[in-house]
Amino acid sequence: MKKRMVWRRLRRQVGIGLVFATVAGGLWYFQESEYRDRLTWKGTPEWDSMAPLSWHRVLRNDGFLVGWSDVRVSPLWVSYLLHDDKRSRIAERPDFQRDWRTIWPVQPTGYRGSGYDRGHLAPNYALAAVHGRDAQQASFLMSNITPQRPDLNRRLWQRLEEAVMDHFVPRFDQLLVITGPIFHDDFSRGVLNRVGFVEIPEAFYKILVVPGETPRGLAFMMPQDVKGDEPLDDFLVSIDEIEARTGLDFLPALNAEQQQRLESRIRTEGWGLEQVADLPGRYE
DNA sequence: TTTTATGT
Numbered sequence: 002m003k004k005r006m007v008w009r010r011l012r013r014q015v016g017i018g019l020v021f022a023t024v025a026g027g028l029w030y031f032q033e034s035e036y037r038d039r040l041t042w043k044g045t046p047e048w049d050s051m052a053p054l055s056w057h058r059v060l061r062n063d064g065f066l067v068g069w070s071d072v073r074v075s076p077l078w079v080s081y082l083l084h085d086d087k088r089s090r091i092a093e094r095p096d097f098q099r100d101w102r103t104i105w106p107v108q109p110t111g112y113r114g115s116g117y118d119r120g121h122l123a124p125n126y127a128l129a130a131v132h133g134r135d136a137q138q139a140s141f142l143m144s145n146i147t148p149q150r151p152d153l154n155r156r157l158w159q160r161l162e163e164a165v166m167d168h169f170v171p172r173f174d175q176l177l178v179i180t181g182p183i184f185h186d187d188f189s190r191g192v193l194n195r196v197g198f199v200e201i202p203e204a205f206y207k208i209l210v211v212p213g214e215t216p217r218g219l220a221f222m223m224p225q226d227v228k229g230d231e232p233l234d235d236f237l238v239s240i241d242e243i244e245a246r247t248g249l250d251f252l253p254a255l256n257a258e259q260q261q262r263l264e265s266r267i268r269t270e271g272w273g274l275e276q277v278a279d280l281p282g283r284y285e
């Protein structure tokens, strides 16, 4: 008799709890996607459901988003918008910081003696100049950092980032940048190929998109072992190729026809690449 | 005013 009443009450409470959790979760998700939409264009990268290595969760920062993989212990992509409205002075470089959202401990000191640089994906300068101090500090979170060989990070990659800020952003006014690592096809190669817990990529990609009715796109893929003074256009690839290598789908909210046009082949017309492809780096 | 590591 009494037992049945207790059961009924319990069931009702669980029911109310579930409804509450669902509503709260829905509200959270709604608000979170509003925040994300403000930081991107045509959605954030989505993963191929058949490829667990491309699964990730989104970390939201001031000025940029990070697709974080707890399997690779690495960001799979970062995404940020740039516009031609730069601050004239930017603050000093902050210290690298542990990001407590990553679960696996990735310490700022963890790269010491590894032969790899702590390479930014979302760059210090661009984030600081366009999005301000909080974004700059967030760019030094270890969730935004991947192991990069010094000749890539300080030379070729630096030249590409400089071309983005000094050439492409002024040229087009607004730019969406998606950038990230590319890993060896064979996951077993990555199990021990790590700096601390962080898997070491084979190469890196950077996708530039000019938002608009008929968007323009340009994409690069650069391996770890470069000298650093190569012409930037040696590394052009189609976005489709990057999708094939990463298991990610970029700009998922763009309609199929536009995606096909934008992603299937390399189109350099209008970018003025020849003006920047051979510019020397800042730290030769 | 654009990158980092250095048992400094």
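Numbering follows my numbering, with no gaps: position 64 of the first sequence is 65.
The C-beta atom is built at its ideal place from N, Cα and C for all residues, glycine as well.
In the three-state scheme derived from DSSP, where H, G and I count as helix and E and B as strand, Ile201 is classed as coil. Secondary structure remark: continuous alpha helix (DSSP H) runs of at least 4 residues inside the segment 171-233, in chain order: 189-192. Sequence-distant Cβ neighbours of Arg268 in its own chain, meaning closer than 8 Å and more than five residues away, are Arg217, Gly218, Leu219. At a Cβ-Cβ threshold of 8 Å, Leu233 and Leu274 count as neighbours. DSSP lists no bridge partner for Thr41. DSSP places Tyr112 in no beta strand (DSSP E); its state is neither H nor E. Counting along the chain, Trp69 sits inside no alpha helix (DSSP H); it lies in the beta strand (DSSP E) bounded by residues 66-70.
Contact annotation: Thr147 and Pro202 have beta-carbon atoms nearer than 8 Å. Cβ neighbours of Lys228 within its own chain (closer than 7 Å, five residues either side excluded): Asp152. Around the beta carbon of Tyr284, fewer than 16 other beta carbons sit within 10 angstroms, so the residue counts as exposed. Taking 8 Å as the cut-off, the Cβ atoms of Pro124 and Glu93 do not count as close.
Comparing C-alpha distances from Leu255 to each of Leu19, Val7, Trp42 shows the shortest one belongs to Trp42.
Counting of Cβ neighbours within 10 angstroms places Trp8 among the exposed residues, the total staying below 16. The beta carbon of Pro95 sits closer than 8 Å to those of Gln137, Gln138, Phe141, all from its chain and outside the five residues before and after it, given in chain order.
With the rule of 3 Cβ pairs closer than 8 Å, the segment 70-78 counts as touching the segment 51-60. Leaving aside the five residues that flank Asn194 on each side, the residues in its chain whose CB is nearer than 7 Å to its CB run, in chain order, Glu200, Ile201. Here Ile243 is buried: its Cβ has 16 or more other Cβ atoms, across all protein chains shown, within 10 Å. Of the candidates Gln225, Ile179, Glu214, Lys207, Gln225 places its Cα closest to the Cα of His185. Within the model, the alpha-carbon separation for Gly68 versus Arg10 is close to 42 Å.
In this structure, the straight-line span from the alpha carbon of Ala127 to that of Val192 is close to 33 Å.
The Cβ atoms of Gly282 and Arg134 lie no closer than 8 Å to each other. The count of Cβ pairs closer than 8 Å, one atom from the segment 37-53 and one from the segment 80-87, reaches three, so the stretches are in contact. DSSP places Ile146 inside the beta strand (DSSP E), whose first and last residues are 146-149. The beta carbon of Gly197 lies closer than 6 Å to those of Gly111 in the same chain, with the five residues before and after it left out. In its chain, beyond the 5 residues on either side, Trp42, Gln175, Leu177 have a beta carbon closer than 7 Å to the beta carbon of Pro212.
When the five nearest sequence neighbours on each side are left out, the beta carbons in the same chain lying within less than 6 Å of the beta carbon of Arg160 are those of Gly282, in order along the chain.
Looking at the DSSP output, Gly120 shares a beta bridge with Thr147. Contact between Pro182 and Phe205 holds, since their C-beta atoms are separated by about 6 Å, short of 8 Å. With a contact defined as Cβ atoms closer than 8 Å, Ile91 and Ala52 miss out at about 38 Å.
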